[in-house]
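Residue numbers (the working numbering): 113 to 287.
Where is the CB? At the ideal position from N, CA and C, for every residue including glycine.
One structure is given here, and the rest of the page talks about it.
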């Protein structure tokens, strides 16, 4: 298992592995109800301190998950992760991320995606990074496109969110 390191960006963005000391800040930011509109249903909403502690423990123990807290200055703004795939897909990783609403629209996700992609291509045995993006998540698509991701396909009615069938975009970037 690769030990994660802290990664610092050029615009005040810093990524570092989540620690148990982050649980309260994580719960506070993740409790933003708007986040659940853009992530999988497995993301708890409302998000409690117990959820935060459980996720941090899970992230520390999963050998396929590389997970960082996103900081803007000293404030925890969100989370970004890579999930390395297994078996014949082991050269690929899925990227996932979210930000609290107070931190959106300032390029934080865009910079964090770039930092994680560079790390994955330079430090991990990753050749392909992919993301699934709901059709209504224009900001996420834009952040991925700015980082060199391409739309590989659109899965018509590929997701169900809030009891509504949605198209979702499969986006990827190659090393």
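- Taking each of 172, 244, 164 and 134 in turn and checking the Cα distance to residue 271, the smallest one comes out for 244.
- Between the beta-carbon of residue 195 and that of residue 206 there is about 5 Å, and that keeps the pair under the 8 Å contact cut.
- Put simply, of 185, 200, 134 and 169 the residue whose alpha carbon is nearest the alpha carbon of residue 126 is 185.
- In this model, residue 155 and residue 201 are separated by some 24 Å (Cα to Cα).
- Ranked by Cα distance from residue 269, the options 246, 149 and 157 are led by 246.
- Proximity to residue 217 across 228, 255 and 233 peaks at 255, based on C-alpha coordinates.
- Burial state of residue 285 is buried, judged by a 10 Å Cβ sphere holding 16 or more other Cβ atoms.
- Going by DSSP, residue 226 is part of the alpha helix (DSSP H) stretching over 220 to 235.
- For residue 163, the enclosing alpha helix (DSSP H) covers residues 161 to 173.
- Residue 241 sits buried, since 16 or more C-beta atoms from the chains shown fall within 10 Å of its C-beta.
- Fully contained in the region 119 to 148 are the following alpha helix (DSSP H) runs of length 4 or more, in chain order: 135 to 142.
- Your pair residue 134 and residue 182 does not check out as a contact, with CB atoms roughly 11 Å apart and the cut at 8 Å.
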